[in-house]
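My numbering applies: residue -15 is where the sequence shown begins, and numbers increase by one. Don't be surprised by glycine CBs; every beta carbon is placed ideally from N, CA and C.
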Amino acid sequence: GIAGFTEDSPFSLKTIETASLCIQPLYIDQIVCVMHHNNPLSSKLAITPQDLAHVKFTAYSNDQNGNVMRNLLHVSGNTNIHKKFMQEENTVCLINATAFKTLYPEKDFIALPVDDVNPVTMALFYQKQSEEIVPVSESALSLHPLSLQDLRALVRLSL
């Protein structure tokens, strides 16, 4: 699978590597705040943690980035639902910049950098049972980070 980690994440690439699990870092990416171009925050050059304190969120997983988000309105893997909330409810979503480019090609949506957030290292996880690594498609590399719940399940399965 593909997962993302920041330096301040409770899991790091070193802490979860096991005898049966290989971790191959792929690239480093920036976390961005995605919103509809009509959102009041869209005029800013960057988003601060203070800006995020009172906005409504949507998320791709229940415990995205290891945190419980306040003001979380909806959780879904369906990008069209996120877009609808962004347009109608002025919500925002935190994802990596590569995922934004893939999932939000329309010019109606923008991504602003988030100040004081560490970059995310995207990594490939696979079992050591086989020396053969199945090639990863380019589209798989652009997926949002797995939730910590998914990662816990992955680690449990590999032990």
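Considering only the alpha carbon of each residue, which of the options lies closest to residue i?
{"i": "TYR11", "options": "LEU87, PRO97, ASP100, ALA81", "result": "ALA81"}
{"i": "VAL104", "options": "LEU5, CYS6, ILE7, VAL16", "result": "VAL16"}
{"i": "LEU25", "options": "VAL76, LYS67, ALA107, GLN111", "result": "VAL76"}
{"i": "ALA30", "options": "LYS68, LEU78, MET106, GLN111", "result": "LEU78"}
{"i": "LYS28", "options": "PRO97, SER60, TYR110", "result": "PRO97"}
{"i": "ASN62", "options": "ASN74, ILE7, GLU73, LEU87", "result": "LEU87"}
{"i": "LYS85", "options": "SER45, TYR110, ASP13", "result": "ASP13"}
{"i": "SER45", "options": "PRO89, GLY(-12), GLU90", "result": "GLY(-12)"}
From the DSSP secondary-structure annotation, give me the bridge partner or partners of residue i.
{"i": "HIS58", "result": "THR42"}
{"i": "MET106", "result": "GLY(-12), TYR11"}
Looking at the unbroken beta strand (DSSP E) that takes in residue i, where does it start and where does it end?
{"i": "GLN14", "result": "Taken as a continuous stretch (DSSP letters only), GLN14 belongs to no beta strand (DSSP E), as it is neither H nor E."}
{"i": "PRO97", "result": "93 to 97"}
{"i": "ASN80", "result": "77 to 80"}
How far does the alpha helix (DSSP H) with residue i in it extend, from its first residue to its last?
{"i": "LYS68", "result": "63 to 73"}
{"i": "LEU36", "result": "33 to 36"}
Does the distance from the CB of residue i to the CB of residue j come in under 9 Å?
{"i": "LYS40", "j": "ASN64", "result": "no"}
{"i": "HIS38", "j": "ILE94", "result": "no"}
{"i": "LEU36", "j": "LYS112", "result": "no"}
{"i": "PRO9", "j": "ASP99", "result": "no"}
{"i": "MET70", "j": "ASN102", "result": "no"}
{"i": "ALA107", "j": "ILE7", "result": "yes"}
{"i": "ASP92", "j": "LYS67", "result": "yes"}
Would you please state the rounded distance, in angstroms, between the beta carbons of residue i and residue j? I believe it to be under 8 Å.
{"i": "VAL59", "j": "ALA43", "result": "5 Å"}
{"i": "GLU72", "j": "LEU57", "result": "Between LEU57 and GLU72 the Cβ distance is about 11 Å, and since that is not below 8 Å, they are no contact."}
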